[in-house]
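Data first, discussion second: the structure below is written as structure tokens.
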């Protein structure tokens, strides 16, 4: 992480930007997959809220990581514009899933789980494409 | 054993008393010179004052400085006459009990001012 | 009962090497990223630590000299002092990480931020190390750590991809999307964690605490050959469930909460609760191991009276180092440094100093003047030398790999 | 002549009485005289010095084979025992 931070400072080239974008996408992918899995399991309440809280934090960090640097060219602007909605969607779905799980609203849990799976597939494609 | 390599068999080896309790490390060995000018094994020296000079460079200076600050320095190293050594194997065993030797000041100071004041220190 | 509990020192030692906070996450993460393609490293690590812990245990049983005693005696004061400084720092920072690990485990069942638990955990740890007998601590936490066996049960309850796992385990190459540098970075850190130096410091000092003599040689071997494979087996189970659950989804594991998720998926709330209890026991056990080891190495280097078998007032310098180390650990964590990242970096740095700890053990285990007829046989020497070479190679590769991969990025 | 500590000898340059350069002192050998006093009999000099020799300068170290080979080669080539009476300890570092 420390080294990661060192890498992120200073203006980046297109390659560096894509690398950062892939890292952000991978972090969000980890989080949404975890959220979708958690929706399937019988969990203890404090555990569920800590787990999903951590995942939300990870997505927020990924957003920040992506937005902290300006994209150096039009190609990377395009990369950012593809990824950003996925990250936002992930944050929204994870937050709503946490709420649905805490209130025991099973129908809503299923719906958010479905959305998270879809976002997961899209993020997975993104990572594959730009790695 | 009919001969000893001072550096290998003695230096940096653990010293234990007759009951196997730790006394310290052989931090340095003192050689005496008799009337005819022939050197012999006189004593084992224990303590950072004896050890520090053997470590050159910044580590040695750090250690000696630390020892001075930690008030272990006042009466010089503990000197154990070689007559008190009973046996040398994986440790250097003395023929006396630890209580008969001077206790390092750092140990007494910490016992008096810190460890001994915490409830349960004698259990 | 005494016989039955005879292996708890080995278990507790192995916990620090295989399922402490860093390893819980590292094993799961490598399972998620590489499936079982790195399982061989755990097997290798178990063999290596068994060989060297057996040598260190034998030296203690025959001569009562724990490992750091030998380090100074054989390497001379200067090199030993460098090793002392490095080993102490690694052990201290690992202690800090373990305190964080205990606090993270508690956070999972309270949802109160781990930072608030750290001082509490630190205080409880110190009280335990101050008041409770060595054997009692060893038994409670050695045995409690075994509840991590829940991950073995989970492995069999998860919808099976058994053939996939075998396939991954038998083809030790990076999985698609991963490269060789990252693969080797993970291999080196898993290997270094299996052989962390504080394991042999703790195991050999524990032998002195338990007053081993030549008659305890069989008991010592039971500890080694049951304890370490059990610890390694638990790590393997963590890797396997993660390979089963996360790897097919291309998802990585970065937090302790995620590590427990497969147990919840397979076994529901009870499985989850047992897994978290296991995390607590393992990290607390590892905190005891690293806390004591930090004090052991300093005391053994300087020749001070040490150990929990003495009254604290009879070992004032030892107990002062212990107290100060726990305090420093708490302070280090309160800087909000991430405990999981911390152990992973420590592993890399400890890989660099490993040879300075293992070489003296190998040399003394061959010294007839010390061990008489109990010197190493051919097998122990063959394994010892091979592992020394591997250890040196890992030491040389650790930092370059960390830099090229951006620490596994 | 006042008392010595081993640091006054170990690592120092040793010459033969005849003036021949011997190397640096690696160890000091003592043996008991009839009265039981341990007297310095020999110095182990090595050229160049190789720190501590892990104990391989004695015969009790039996393995592993690889380390024994390495240590023995180094020892045979570079170290020898010289009688105390035949040695003069020098201060200068010309041969370092």
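Residue numbers (the numbering used here), protein chains in the order written: chain A, 153 to 283; chain B, 839 to 961; chain C, 362 to 770; chain D, 4 to 99. Glycine included, C-beta positions come from ideal geometry on N, C-alpha and C.
* **Strand pairing of residue 949 of chain B, partner residues [DSSP]** => None, per the DSSP bridge assignment.
* Asked: To the nearest whole angstrom, what separates the beta carbons of residue 797 of chain C and residue 659 of chain C, a pair I think is in contact under 8 Å?
  -> Because chain C spans 362 through 770 in this model, residue 797 of chain C falls outside it and cannot be assessed.
* Asked: Alpha carbon to alpha carbon, how far is residue 186 of chain A from residue 761 of chain C?
  -> 32 Å
* Where are the alpha helix (DSSP H) runs, 4 residues long or more, that stay fully inside the region 846-899 of chain B, in chain order? -> 886-889
* Cutoff 9 Å: residue 877 of chain B Cβ touching any chain C Cβ -> no
* Asked: Quick one: which chain C residues come within Cβ less than 8 Å of residue 226 of chain A?
  -> Chain C residues near residue 226 of chain A: none, gap ~26 Å exceeds 8 Å.
* To do: Pull out every residue of the region 615-631 of chain C whose Cβ sits closer than 8 Å to any Cβ of chain A, in chain order.
  => 615, 616, 618, 619, 621, 622, 625, 626, 629 and 630
* Can you tell me whether residue 484 of chain C is buried or exposed, with buried defined as 16 or more other CB within 10 angstroms of its CB? -> exposed
* If you count every other CB in all the chains shown that lies within 10 Å of the CB of residue 488 of chain C, and 16 or more means buried, which is it? -> exposed
* Mind reading off the beta-carbon distance from residue 547 of chain C to residue 684 of chain C? Whole number of angstroms is fine, and I expect it under 8 Å. => Going by Cβ atoms, the distance from residue 547 of chain C to residue 684 of chain C rounds to 36 Å, so no, they are not a contact pair.
* Going along chain C, which residues have a C-beta under 9 Å from residue 46 of chain D? -> Those do not exist, as residue 46 of chain D stays about 18 Å from chain C at its closest Cβ, beyond 9 Å.
* Residues that residue 276 of chain A contacts on chain C, provided the C-beta gap is smaller than 7 Å -> 611
* **Alpha carbon of residue 17 of chain D to alpha carbon of residue 435 of chain C, nearest angstrom** => 24 Å
* To do: Use the C-beta contact count for residue 840 of chain B: other C-beta atoms within 10 angstroms, 16 or more gives buried, fewer gives exposed.
  => exposed
* Proximal residues, the region 725-745 of chain C versus chain D, C-beta separation under 7 Å -> 727, 728, 729, 730, 736, 737, 742 and 745
* Under the three-state reduction of DSSP, which class applies to residue 919 of chain B: helix, strand or coil? -> strand
* Asked: To the nearest angstrom, how far is it from the Cα of residue 742 of chain C to the Cα of residue 728 of chain C?
  -> 12 Å
* Asked: Enumerated in chain order, which unbroken segments of the alpha helix (DSSP H) with a length of 4 residues or greater are wholly contained in the region 444-514 of chain C?
  -> 475-492 and 495-506
* Taking the CB atoms as reference points, tell me whether residue 653 of chain C and residue 711 of chain C lie closer together than 9 Å. => no
* To do: Look up residue 282 of chain A in the DSSP assignment and give the residues it is bridged to.
  => In DSSP, residue 282 of chain A forms no bridge with anything.
* Consider the Cβ of residue 86 of chain D: report whether some Cβ of chain B lies at a distance smaller than 9 Å. => no
* Establish whether the CB of residue 73 of chain D and some CB of chain C are separated by less than 9 Å. => no
* To do: Pull up the DSSP beta-bridge partners for residue 26 of chain D, would you.
  => D:17
* To do: Please determine, among C:724, C:645 and C:719, the residue with the shortest C-alpha to C-alpha distance to residue 753 of chain C.
  => C:719
* Asked: Cβ of residue 552 of chain C within 9 Å of Cβ of residue 751 of chain C?
  -> yes
* Return no unless some Cβ of chain C is closer than 9 Å to the Cβ of residue 949 of chain B. => yes
* To do: Buried or exposed for residue 497 of chain C, please, with buried defined as at least 16 other CB atoms from any protein chain shown within 10 angstroms of its CB.
  => exposed
* Beta-carbon of residue 433 of chain C versus every beta-carbon of chain B: anything under 9 Å? -> yes
* To do: Return the Cβ separation of residue 268 of chain A and residue 180 of chain A in integer angstroms, given the expectation that the two are a contact with Cβ distance under 8 Å.
  => No, residue 268 of chain A and residue 180 of chain A are not in contact; Cβ-Cβ is about 11 Å, not under 8 Å.
* Straight-line Cα distance separating residue 407 of chain C from residue 366 of chain C -> 21 Å
* Contact with chain C by residue 862 of chain B, beta-carbon distance below 9 Å -> yes
* Helix, strand or coil at residue 666 of chain C according to DSSP, with G and I counted as helix -> coil
* To do: Flag residue 693 of chain C as yes if its beta-carbon sits less than 9 Å from any beta-carbon of chain F, otherwise no.
  => The displayed structure is made up of protein chains A, B, C and D, and chain F is not among them.
* Which of helix, strand or coil does DSSP assign to residue 925 of chain B? -> strand
* To do: Ignore the nearest five residues each way along the sequence and tell me which others in residue 54 of chain D's own chain have a CB closer than 7 Å to its CB.
  => Low local confidence applies: a pLDDT of 49 at residue 54 of chain D is under 50, so the model's placement there is unreliable, with the coordinate-based value given in what follows. There are no such residues.
* **Amino acids of chain C, ordered along the chain, whose beta-carbon sits closer than 8 Å to that of residue 202 of chain A** => 468, 469, 472 and 618
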